[in-house]
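> Okay, here's the structure, questions in a sec.
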Amino acid sequence: MGHKVHPYGYRLGYTRTWTAKWYADKEYTTLLREDIAIRQLLDRRLANASVSGVEIERGINHVTVSIHTAKPGIVIGRGGQNVEILRKEIGELTKRKVKLEIKEIRQPELDAYLVALNIAQQLTRRVAYKKAMKQSIQRSMKAGAKGVKIALAGRLGGSEMGRREWDREGRIPLGTLRADISYGQVHAHTTYGRIGVKVWIYKGEIPVERRRRESAAMAAAAAAQGG
C-alpha cells in the first residue's frame, strides 16, 4: 500500500533545494523564528502580488530574501518604494543588512501554487467549482504542461456534507524523482466554510545536465555552511 509523500520533500537534495539556506547551532531557534516572522510579514504586505515562494539565505552579517512573484511591479512599487519599505522592515526584524531579489514568474499557469490560489479566489467569488477546475487545467495545458491534477475538498457547491472532487489531464508521475512537478495547496474561505485546493503540474523531466549542476551547487552550498 502506498503512502502520501509531499512532492517537494520527496525530491529535496535531488531536483529541489531548500527554501531556507543557512546553518546555525546555538542560534537555530532564534533564526527559525526570524524566518517565520519574515514570511508572515511578506504574506501580509504582498497578499495581492501573486507571490509563489520565498527563499531566505543567510551570511555572517547579511540576509538575502528572494521573492518569486508573477507581479513584480506590485512588489517593487513606484520607483522601488515598496522594496525599500520591505528592506527596512526585514532589517528591523533581523538586525542585519538585507538584500531583496525579485524573481518574476513568467508563466504563472505552470506554477501550481498560483493556479491553486486563482481557483481559491474563484471559489470565494462563488464560481462553479467544476468550471474553475476545468478552465485552470485547460490554461495550464495550453501553456505547455504535460499533465495537471486538481483536487478540491469541502462543502463543494454548498452541499450539506463535505466531499472530495478531482479532475486530471495528462500524466502526473509522482514516483519519478527526475519529474519536474510543481505542487501547491491553498484554502478557500467561502460562505459555506473552508475548501481545500491542491494542484499538481507536471512540466516534463529535468535534463540530466541540469540535475548534475543543481546537485553540485547544493553540495557546494552544504559544504560551505558546514565549514
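Heads up: the sequence shown begins at 504 in the working numbering, then just goes up one per residue. All C-beta atoms, glycine included, are put in the ideal place defined by N, C-alpha and C. Keep in mind the model is a prediction, meaning the values are calculated, not measured.
1) Please classify N621: is it buried, with 16 or more other beta-carbons within 10 angstroms of its beta-carbon, or exposed?
2) Could you check whether L655 and S555 sit closer than 8 Å to each other, using their CB atoms as the reference points?
3) With a threshold of 16 other CB atoms inside 10 Å of the CB of G730, please say whether the residue is buried or exposed.
4) To the nearest angstrom, how far is it from the Cα of K606 to the Cα of D614?
5) What are the start and end residues of each continuous beta strand (DSSP E) run of 3 or more residues lying completely inside the region 593-661, in chain order?
6) Could you give the DSSP three-state label for R674: helix, strand or coil?
7) What is the DSSP secondary structure of G699, counted as helix, strand or coil?
8) Keeping to the same chain, check which residues put their C-beta closer than 6 Å to that of T567; ignore five residues upstream and five downstream.
9) Compare the Cα-Cα distances from H565 to each of V578, E595, I579 and R581 and report the closest residue.
10) Alpha carbon to alpha carbon, how far is S643 from I539? Give it in angstroms, no decimals.
11) Residues bridged to G576 by DSSP?
Put simply:
1) buried
2) no
3) With a pLDDT of only 48 at G730, under 50, the local geometry of the prediction cannot be trusted, and the value read off the model is given with reservation. G730 is exposed by the Cβ-count criterion.
4) Within the model, the alpha-carbon separation for K606 versus D614 is close to 13 Å.
5) Taking only runs of at least 3 residues, the beta strand (DSSP E) segments lying wholly in the region 593-661 are 600-607 and 650-657.
6) In the three-state reduction of the DSSP assignment, R674 falls in the coil class, being assigned neither a helical nor a strand state.
7) strand
8) Counting only Cβ-Cβ distances below 6 Å, and skipping sequence neighbours, we find E560 and K602.
9) E595
10) 31 Å
11) Answer by DSSP bridge pairing: none, since G576 is not bridged.
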